[in-house]
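Undergrad: Numbered per mature numbering (1 follows the signal peptide of the UniProt record, and there is no 0), the sequence shown spans residues -20 to -1, 1 to 171.
Input: one structure, supplied below.
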Amino acid sequence: MRKFLSLFSCWLLLSGSISQAPPAAFPDVPTITETSVGKARIGMPIAKLKETYQGFSFTPTYLAKYGFDGSNGKPDAITVSSAGQKLFIYFLSEQTKKVSGFIVLHPTYKTAAGIHVGSTSGQLKAAVPAVRVAPHEFVENMQIASAGTEEHIGLEYIFQRGPMGKDRDSIEPSEIATPSAKVSWVLIKPN
């Protein structure tokens, strides 16, 4: 009976009676740099961003969910989504009203070193040996990993489960000691 069901299933698939649609193509350029995610760039005017992502959903959101200080109880960022999948969040400079940073949410976006949302802390340490991790200043159990300096922060990799550093009680950056934590999101924000 199993053999019959197996053969019958194969016949249905091959005959087209059961169609398996290919997965939808990713709707953006799948890259992360220190100044961009996909086709979106820091300094981009909002009109240009909305034109670039025409047909995508733009939903107000709160940066406080992502470790930023809250602002007057009003949404202070926008989530960009496609086909119900959250891609990234952008936020604005108060002075220029242009894009000033991103929170990358979708795992298809990757850095040149191959790091993405869902990468492990061990993969991050192997790809970026200079990376250090420190607890978030305000949010308990949130860790921030970066290979940058105070003058040039670079990309920040956020982990929602902590602690991960060698000295678990220190607020100073340390080497990653927990290799299996997963990147929750990537922060792109100039100094």
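Ideal Cβ placement from N, Cα and C applies to all residues, glycine included.
To which residues of the same chain is Glu74 closer than 7 Å at the C-beta, ignoring the five residues directly before and after it?
TA: Cβ neighbours of Glu74 beyond the five flanking positions: none.
Undergrad: Return the chain-ordered ranges of every beta strand (DSSP E) run that is complete within the segment 4 to 88 and spans a minimum of 3 residues.
TA: Listed in chain order, they are 37 to 41, 57 to 62, 65 to 72 and 79 to 84.
Undergrad: Ends of the alpha helix (DSSP H) at Leu104?
TA: Note, Leu104: alpha helix (DSSP H), Ser101 to Ala107.
Undergrad: CB-CB under 7 Å to Met24, same chain, minus the five flanking residues each way: which ones, in chain order?
TA: If we look at Met24 and ignore the five residues flanking it on each side, its Cβ neighbours are Lys78 and Val79.
Undergrad: On the criterion of 16 or more Cβ atoms from any shown chain inside 10 Å, does Val108 qualify as buried, or is it exposed?
TA: Val108 comes out buried.
Undergrad: Return the residue from the list Lys169, Lys162, Lys45 and Ser154 that minimises the CA-CA distance to Glu136.
TA: Comparing Cα-Cα distances from Glu136 to each of Lys169, Lys162, Lys45 and Ser154, the minimum goes to Lys169.
Undergrad: Using DSSP with H/G/I as helix, E/B as strand and the rest coil, what is Ser164?
TA: Coil.
Undergrad: Is the segment 121 to 128 touching the segment 25 to 37 in the sense that three or more CB pairs, one from each, lie closer than 8 Å?
TA: No, because fewer than three Cβ pairs between the segment 25 to 37 and the segment 121 to 128 fall closer than 8 Å, the two stretches do not touch.
Undergrad: Which one of Ala106, Ile26, His132 and Phe139 has the shortest CA to CA distance from Thr59?
TA: Comparing Cα positions, the closest option is Ile26.
Undergrad: Need the endpoints of the beta strand (DSSP E) that Ile124 sits in, please.
TA: That run of the beta strand (DSSP E) goes Gln123 to Ser126.
Undergrad: Report the rounded CA-to-CA distance for Gln103 versus Ile95, giving the unit in angstroms.
TA: Distance between the alpha carbons of Gln103 and Ile95: 7 Å.
Undergrad: State the beta-bridge partners of Glu136 as determined by DSSP.
TA: Glu136 pairs with Ser126 and Leu167.
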